[in-house]
Each structure stands twice: as C-alpha cells, then as structure tokens.
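Peer 1:
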Amino acid sequence: MAKLKITQVRSKNGCTKRQIANLTTLGIRRMHQTVEVEKTPVTEGQLAKIRHLVEVEEI
C-alpha cells in the first residue's frame, strides 16, 4: 500500500476543533513536522478537511 508524507505548513491557530483533531490523529503536533502514514480512505478523508494546512507528497 502507498504511503503519504505529510508536512504541516500553516498554523492551526483559528482552526476548528475538528481540523485540530484531524492533525492530532495523523500524528502532527507542530509546524514543519513531517509524518508518514498509509494511504487509506480514512486518511484521505482527514486530509480533505485540512488540505489548506498541510503539504502532501506520495511516496
């Protein structure tokens, strides 16, 4: 299964609780932190809600 490399590039200040929860669930805690996650429908749905806060790269 494919992996995604996700980096937070914008602050979560002013975001909704749902968007902050999605960042936390993906394992992102601070700016410019990068995590690798499996590409699943669940992950794709979470990224759709926070697309403006992160950069996504397929590995």
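Residue numbers (the numbering used here): 108 to 166.
Ideal placement from N, C-alpha and C gives every residue a C-beta, glycine not left out.
1. Per DSSP, what kind of secondary structure is Gln115 in: helix, strand or coil?
2. Over the uninterrupted beta strand (DSSP E) stretch that includes Thr141, give me the two end residues.
3. Which same chain residues, not among the five before or five after Gln140, have their C-beta less than 8 angstroms away from its C-beta?
Peer 2: Taking the geometry as given:
1. strand
2. Thr141 to Glu145
3. Thr114 and Gln115
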